[in-house]
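Asker:
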Amino acid sequence: MIIQIDININKEHLNALTSKLEDLKQNVNPVSTQHGRYLVCVGKKDFDIRQIGKMDGVNDIHIVSDDYKLVSKKWKVDSTIIDLGDGVIIGNGSLSIMAGPCSIEGEEQIEDTIEHLKTERVKIMRGGVFKPRSSPYSFRGMGLEGLKLWHSKARHAGLKIITEVMQVSQVEEMYDYIDVYQVGPSNTQNFNLLDAYSKVDKPVLIKRGISGSIDELLYSAEYVFAGGNESLMLCERGIRTFERASRNTMDINAFPILKEKTHFPIIADPSHGIGIRDYVEPVALASIMAGADGLIYETHKTPEKAFSDGQQTLNHSDSSRLIDKARKVFELRMQL
Ligand code: PEP
Ligand code: MN
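Mapping the sequence shown onto our numbering, position 88 (from 1) lands on 101, and the numbers just tick up by one.
1. Following the continuous beta strand (DSSP E) through PRO13, name the residue where it begins and the one where it ends.
2. Within 7 Å (strictly less), CB to CB, does ARG50 reach chain C?
3. Sort out for me which residues DSSP pairs ARG50 with in a bridge.
4. Helix, strand or coil for GLY156, going by three-state DSSP, please let me know.
5. Check whether the stretch 278-290 touches the stretch 245-257, taking contact to mean three or more Cβ pairs, one atom from each stretch, closer than 8 Å.
6. Looking at ARG290 and ligand 1, is the gap between the Cβ and the nearest heavy atom below 6 Å?
7. Please report how far the alpha carbon of GLU186 lies from the alpha carbon of VAL196, in whole angstroms.
8. Which residue wins for smallest C-alpha separation from MET347, given the options THR326, PHE255, GLY113, ILE301?
9. To the nearest whole angstrom, what separates the beta carbons of PRO114 and ALA319, a pair I think is in contact under 8 Å?
10. Alpha carbon to alpha carbon, how far is GLU158 from LYS86? Give it in angstroms, no decimals.
11. Which residues end up in the neighbourhood of ligand 2 when you take C-beta atoms closer than 7 Å to any of its heavy atoms?
12. Go through its chain and collect everything with a Cβ distance to VAL193's Cβ below 6 Å, but skip five positions before and after it.
13. I'd like to confirm the pairing. Which residues does DSSP put opposite ARG253 in its beta bridges?
14. Any contact between the stretch 29-40 and the stretch 54-70? By contact I mean 3 or more CB pairs, one from each, below 8 Å.
15. Can you tell me which residues form a DSSP beta bridge with ALA281?
16. Do you know whose CA, among ARG340, GLY98, SER332, lies nearest ILE127's CA?
17. Apart from the five residues on each side of it in sequence, which residues of its chain come closer than 8 Å, Cβ to Cβ, to GLN122?
18. Quick check: VAL237 and SER199, are their CB atoms within less than 7 Å of each other?
19. Does ILE102 come out as helix, strand or coil in the three-state DSSP assignment?
20. Sorted by chain position, which residues of the same chain lie with C-beta nearer than 7 Å to ILE20's C-beta, five sequence neighbours on each side aside?
21. Measure the C-alpha to C-alpha separation of LEU52 and GLN17 and round it to an integer number of angstroms.
22. Any heavy atom of ligand 1 closer than 6 Å to the beta-carbon of LYS220?
23. Assuming contact is defined by CB atoms lying nearer than 7 Å, are ALA305 and ILE265 in contact in what I supplied?
24. Could you name the residues of the same chain whose beta carbon sits closer than 7 Å to that of GLU256, not counting the 5 residues immediately before and after it, in chain order?
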């Protein structure tokens, strides 16, 4: 149940309402969005809601019959726009590009990437410092020290940072050094982590789980929104199917379906989506045509020397070509 309360509800009425809800064994979460103030209540539904409806300060009550509501277009018709500051905006009808290496490897690599992104007018740099790896013997990232180094250089260059955070304790630790938190596919259903993201005032990009359905991705987003953070982006990054010709199968279907179901920006990750360098470009362009609001992909000055995911990483000249084509395809889509 979601209770819409008066924006100016006084303390006394709010306390009365909260204690009534507690008596009804509801777990109450206050949420303020761009559109109003709400109490998101989780608990049994075996009471007469009219006793709440007539209380002072209550404007409306929404019964949540679906498994998600806040993330759906039934809740909010307008698209959610994410403002990272300094004119970097996602989901406002322009194509957002986030690019960088799979893993942050060191000073020189950070500088090479920044130079490339600046030349191409890309404003958001991706990179991993805590890497979830299938094998424990693979490179697992430079950690917080790597992030601090990256942050100081990115700030200087006016770039925003998106990176994956894997544990609840890192959410706070990394807060000062990042602009967008990324939830990786192995954590999309880590509900403790989702709860932690719901309490931060920074945007979160949620990647689809490797065997996760579109609805499960939306449930994950609902967790974060219901806990108080509505600054979300969803990312299709390929799913596991029976097909072995590519690392994953990019689900192009997900773009029109997600665009219909949710108001959040939808980002395509063609690097993990197909996992083969030569095919990243066509998959990226197809994703844009299918409705993606942005791309997040892997680029490195010398992909063959990359510490991780080199086989799907574009060199900088292929990255430049992709950016050029992506912008053209996006323009074309907007004109159709
Ligand atoms: C992924 O999508 O599987 C992944 C590990 O992504 P990233 O390299 O962006 O962390
Ligand atoms: Mn990677």
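The C-beta atom is built at its ideal place from N, Cα and C for all residues, glycine as well.
Answerer: The answer reads as follows:
1. Any answer about residue 13 is impossible in this case: the structure gives the chain only from 14 up to 349.
2. Included in the structure is just one protein chain, with no chain C present.
3. To locate residue 50, count along the sequence shown from 1; it is residue 37. In the DSSP output, where bridge partners are listed per residue, ARG50 has ILE18, SER45.
4. On the sequence shown, position 143 is the one that residue 156 refers to. Three-state DSSP puts GLY156 in a helix.
5. yes
6. On the sequence shown, residue 290 is found 277 positions in, with the first residue counted as 1. Checking the Cβ of ARG290 against ligand 1 gives no.
7. In the sequence shown, the residue the question calls residue 186 occupies position 173. In the sequence shown, the residue the question calls residue 196 occupies position 183. Distance between the alpha carbons of GLU186 and VAL196 is about 16 Å.
8. Taking the sequence shown and counting its residues from 1, one reaches residue 347 at position 334. Of THR326, PHE255, GLY113, ILE301, the residue nearest in Cα terms is ILE301.
9. Within the sequence shown, the letter at position 101 stands for residue 114. Within the sequence shown, the letter at position 306 stands for residue 319. About 6 Å separates the two Cβ atoms, so the contact holds.
10. Counting from 1 along the sequence shown, the entry for residue 86 is found at position 73. Counting from 1 along the sequence shown, the entry for residue 158 is found at position 145. Cα-Cα distance, rounded: 40 Å.
11. Answer in sequence order: CYS115, GLY141, SER284, HIS285, GLU311, SER321, ASP322.
12. Walking along the sequence shown from the start, residue 193 turns up at place 180. Once the five neighbours on either side are set aside, the close Cβ partners of VAL193 are ILE175, PRO216, LEU218.
13. Locating residue 253 in the sequence shown gives position 240, where the first residue counts as 1. Per DSSP, none; premise fails for ARG253.
14. yes
15. In the sequence shown, residue 281 corresponds to position 268, counting from 1. GLU249, LEU308, per the DSSP bridge assignment.
16. If you number the sequence shown from 1, residue 127 lands on position 114. The alpha carbon of ILE127 has as its nearest neighbour, out of ARG340, GLY98, SER332, the alpha carbon of SER332.
17. Position 109 of the sequence shown, counting from 1, holds the residue named residue 122. Within the same chain, GLN122 has close Cβ partners PRO114, HIS313, LYS314.
18. Sequence index remark: in the sequence shown, residue 237 carries index 224 (1-based). Sequence index remark: in the sequence shown, residue 199 carries index 186 (1-based). For VAL237 and SER199, no; Cβs fall outside 7 Å.
19. On the sequence shown, residue 102 is found 89 positions in, with the first residue counted as 1. In the structure shown, ILE102 sits in a strand (DSSP, three-state: E or B).
20. The sequence position of residue 20 within the sequence shown is 7, counting from 1. In its chain, beyond the 5 residues on either side, GLY49, ARG50 have a beta carbon closer than 7 Å to the beta carbon of ILE20.
21. Position 39 of the sequence shown holds residue 52. Position 4 of the sequence shown holds residue 17. LEU52 and GLN17: Cα-Cα distance of roughly 7 Å.
22. As a first step, residue 220 must be located in the sequence shown, where it is residue number 207. The answer is yes for LYS220.
23. In the sequence shown, residue 305 corresponds to position 292, counting from 1. In the sequence shown, residue 265 corresponds to position 252, counting from 1. The answer is no: Cβ separation not under 7 Å.
24. In the sequence shown, residue 256 corresponds to position 243, counting from 1. Excluding sequence neighbours, GLU256 sits near THR262.
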